[in-house]
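Each step along the sequence shown adds one to the number in numbering that gives the first Met the number 0, with nothing skipped, and position 55 is 54. The beta-carbon is built from N, C-alpha and C at its ideal position, and this holds for glycine as well. Right, one structure below, let's go through it.
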Amino acid sequence: MVENKVPKARFSKDEILAVQKQFKNNEELVYVLRKYLLDAELTEAEEVELRKINKIAIDLIRKNLIPSIYDNTRIGLQAHTLLFNETLTMTPDMSYLHIEAKMIFQEYMENKFDKLWGEGNKEPISLGSLLPKRPQEQEERHINLLAWQAIVSNIDIRLDEVISFAKSAPIDETEEEKAKRLAKNSNK
């Protein structure tokens, strides 16, 4: 008989709880993380704050920014950097450019998260290096610009989701706390 293991949501209760504890009353820390991910220069104080982010919270953010195939993800919630529909309607040449850009995006994000925990030993890609330059081959310019756009837009979108997770109803609240919260919200 097959063991009944119903897959969980994309993010575990522990991951969401870690994000809530880390960022609920500290949205500024999300902006420090954003600044780091966008290759902006951090102050010494920001560097210290960045190192204080809980590893479980970082794991959720990493999983959200660099989606991968997980065997225990609920059906319909699977995600991966290369699972995107826009290439289905493109010519093979155009599709190639988008796939190359997504691969640069993934490498850039993996390097940033590895570096955050002191695990990175690859030569990192800088965000500025992806901006168009002269002289540069047309194909390379196009791929780099697509990668730059994917990085910048995904960072904002995914970190906005982190803020939403942090502000959502506490995942570990008791029934009594839930009743108080709902009563408070209904009085507004």
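query	result
Suppose you measure from the CA of GLU136 to the CA of VAL29; what does that come to, to the nearest Å?	36 Å
Jot down the residue ranges of each uninterrupted alpha helix (DSSP H) in the segment 89-151, minimum 4 residues, whole runs only, in chain order.	91-115
In or out: MET93 buried (at least 16 other Cβ within 10 Å) or exposed?	exposed
Taking the alpha carbon of GLU48 as the reference point, which residue from ASN25, ASN63, LYS183, GLU109 has its own alpha carbon closest?	ASN25
In terms of residue numbering, what span does the alpha helix (DSSP H) encompassing GLU48 cover?	43-50
By Cβ distance, which residues of its chain are closer than 8 Å to LEU41, with the 5 residues on each side in sequence left out?	VAL31, LYS34, TYR35, LEU49
Quick one, are the C-beta atoms of ASN63 and GLU160 less than 8 Å apart?	yes
Buried or exposed for ALA182, going by 16 or more other Cβ atoms inside 10 Å?	exposed
Does the segment 111-122 come close enough to the segment 94-103 that 3 or more CB-CB pairs lie under 8 Å?	no
Look at the Cβ atom of LEU126, then the Cβ atom of ASP38, and state whether they are nearer than 8 Å.	yes
Spatial neighbours of GLN21 within its chain, please: CB distance less than 8 Å, with the 5 preceding and 5 following residues excluded, ordered by chain position.	LEU28, ILE52, ASN53, ALA56, ALA165
For ASP58 versus GLU14, is the C-beta spacing smaller than 8 Å?	yes
So which of MET89, HIS97, ALA17 has the shortest CA-CA distance to LEU145?	HIS97
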